[in-house]
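Residue numbers (the working numbering), protein chains in the order written: chain A, 118 to 477; chain B, 118 to 477.
Note that the Cβ used here is the ideal one computed from N, Cα and C, for glycine as well.
Here's the structure, in structure tokens; my notes come after.
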């Protein structure tokens, strides 16, 4: 079997060691003679798994004791609704910063449930930058401030926030969670679909400061009611047990790899290699403001778009797959999550150099 | 590895052939060099899987063309909210028949969104029977009639409905879907969590008549908005791809086994064996009205409850596991889904006879 390096934006590749372990114990987990997916979520064995997964999340991300970690379903997109339903007080509004397609989607969904104030948007730039702090219009009475620290489609990443946000900060971290250390205490709530850095699709993580979950709207379905889910250890109903198990294996792998400091440095190194090549070339172009380039999703275009299909064909032949850019942006996109080994990036760069020499 | 027969109510066991196939191609699906869980849900390969899974659902269940099949997340419990949000007209009420704990839970959730009329309840009997049709109080102006054809905890199953229900019938079929042929055209909507007869937990199936999904409440989160999901082939957001894949394998297995007529007869035979033993014994007792005994979940108590723990210990030693009854009912429960082979039931019966001879 040929080595495949999968640059898909998500569902993304998972660490090879994790996949091999999961395959090995697929039919016989913990010597029970059963698959983990055939075991009750309320069994002693699964509860131990659930507990250790939470402990590892807390340790890796440095989650303070006054934050709950919830294991939910429905993807980040269901959280687009859950956040206003749980956090908005009656008749309140919320602030949304829009730096990409996902931020805009989250805002559109929130508008079903409350009034939205757009703090600033970079839509007119094609989402290639972040509006200057001085142009942000924060409101005085919003229930929370929402943003998307990393936008996977246009490839924009925000590291800092201004100091004058005086309401709980809510972040859709689907594509950055576990990619580097973060200060959880800076946030009121973060959420993430699992299918990039956590595990397979079908699991959603919510980390929320416990004082924020006390007054959900009465129209909140119980399954996305943070208070109900928190009181029931994310088991108000049957959770997605196999995805939860896979997330547990990924977290153990991350600890073995040295945790978030270590993986953060590696992610920086991997992305820098690609950007350095792009910047040294007249053939590959990045449209994104250098101050806000994503370490995770690197969109780039070829100087001659008529070569796009040849680039995709020849790269795929070498096992470098899923490099096609999002249809709204065109060109290519290399998504480089935690599970992408450095050698995959090196092979991509070698191919990009080779391709430029051949066609440039 | 010892043969294990898992009588858990769900997440339940999966067909052995399915598990072996899934393990074999876990790292390399369709010779892509990737796991199915590492593949984009919008890739050609996954879309083919999604399509064939739907085709097999339609074929096995005989789903008419004017019904949509949706592949969702959040379990049946999220559907408890989705049903009223999608189906209730403004200021309308809905009829709920309560024949067990799950029906009551679904009603409680619906009350968040509309007025509920309880058609009838068997709660005063400990949910051991179904109220007579003549005692049902159907309302004239309800948006729909909701019931739970099989209650997993007390073990009550309803086959027929009265003829005078003039509104769309909605059924939580989590524990009976695919267990026998049904006439879909009798229903407006059926829904089911996957973790009994379909696949692993984390996937929820909704089959809905397309004229019913046109006017969701404006407060419906998009992820549970049947109209949005239908228009996007259940891919408004990233679906639980691995669970979907497993469901596809289960449906192929069901077709190989002869489809729902065949599996329905086998399920009847398997459950009859257990009930015959119970009825011929003074040692084992079923509390459920014989007219409404579940073919899927068979609760029974021992004449002497002090033997419960010994029964559970000795059965587990023989590989007959997860026979403990729900805490609200006590005693034992044998959940016999499609994937339980007849030999598992035979071993259970042999053990029950042996145990009665030893301790009775």
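If you look at residue 175 (chain B), you'll find it in the alpha helix (DSSP H) that goes 161-178. Residue environment analysis places residue 163 (chain A) among the buried positions, since at least 16 neighbouring C-beta atoms fall within 10 angstroms of its C-beta. The segment 350-357 of chain A makes no contact with the segment 336-356 of chain B; the number of CB pairs closer than 8 Å stays below 3. For residue 220 (chain A), the uninterrupted alpha helix (DSSP H) run begins and ends at 218-227, by DSSP.
Contact between residue 366 (chain B) and residue 138 (chain B) is confirmed by a C-beta separation of about 6 Å, below the 8 Å threshold.
The beta carbon of residue 351 (chain A) does not come within 8 Å of any beta carbon belonging to chain B, so the residue lies off that interface. Pairing residue 424 (chain A) with residue 441 (chain A) gives a Cβ-Cβ distance that is not under 8 Å. In the structure shown, the three-state DSSP call for residue 247 (chain A) is coil.
Under DSSP, residue 450 (chain A) forms a beta bridge with A:416. Of the residues assessed, residue 272 (chain B) falls on the buried side of the cut-off, its CB having 16 or more other CB atoms within 10 angstroms. In terms of Cβ geometry, residue 205 (chain B) and residue 341 (chain B) do not form a close pair [threshold 8 Å]. Interface with chain B (8 Å Cβ-Cβ cutoff): residue 132 (chain A) is excluded.
Residues of chain A whose Cβ lies closer than 8 Å to the Cβ of residue 448 (chain B) do not exist, since the nearest Cβ in that chain is about 17 Å away. Beta-bridge pairing by DSSP links residue 296 (chain A) to no other residue. For residue 130 (chain A) and residue 410 (chain A), the gap between their C-alpha atoms comes out near 22 Å. Collapsing the DSSP output to three states places residue 238 (chain B) in a strand. In the pairwise beta carbon analysis, the segment 237-251 of chain A is classified as not touching the segment 179-195 of chain A: fewer than three pairs are separated by under 8 Å.
Using beta-carbon distances, residue 124 (chain A) does not count as an interface residue toward chain B, since no partner is under 8 Å. Residue 347 (chain A) is positioned such that its CB atom lies closer than 8 Å to that of residue 330 (chain A). Listed in chain order, the alpha helix (DSSP H) elements of length 4 or more contained wholly in the segment 334-387 of chain A are 343-348 and 358-373. Residue pairing from DSSP places residue 274 (chain B) in a beta bridge opposite B:267. Taking 8 Å as the threshold, the shortest C-beta distance from residue 279 (chain A) to chain B does not fall below it. Rounded to the nearest angstrom, the Cβ distance from residue 210 (chain A) to residue 235 (chain A) is 11 Å, too far for a contact under 8 Å. In the three-state DSSP reduction, residue 408 (chain A) falls in the helix class (H, G or I). For residue 426 (chain B), the enclosing alpha helix (DSSP H) stretches over residues 425-434.
Straight-line spacing of the CA atoms in residue 436 (chain A) and residue 476 (chain A) works out to 20 Å. Within the segment 210-228 of chain B, the residues whose Cβ lies closer than 8 Å to any Cβ of chain A are, in chain order, 226. By alpha-carbon distance to residue 222 (chain B), the top candidate from B:432, B:193 and B:243 is B:193. In the structure shown, the three-state DSSP call for residue 284 (chain A) is coil.
Counting only runs of at least 3 residues, the segment 183-216 of chain B fully encloses the following beta strand (DSSP E) elements, listed from N- to C-terminal order: 184-189 and 210-215.
The DSSP-derived three-state label of residue 261 (chain B) is strand. According to the DSSP assignment, residue 322 (chain B) belongs to no alpha helix (DSSP H) but to the beta strand (DSSP E) extending over 321-326. Contact annotation, residue 470 (chain B) with residue 377 (chain B): C-beta distance approximately 31 Å; criterion of less than 8 Å not satisfied. Rounded to the nearest angstrom, the gap between the Cα atoms of residue 419 (chain B) and residue 395 (chain B) is 10 Å.
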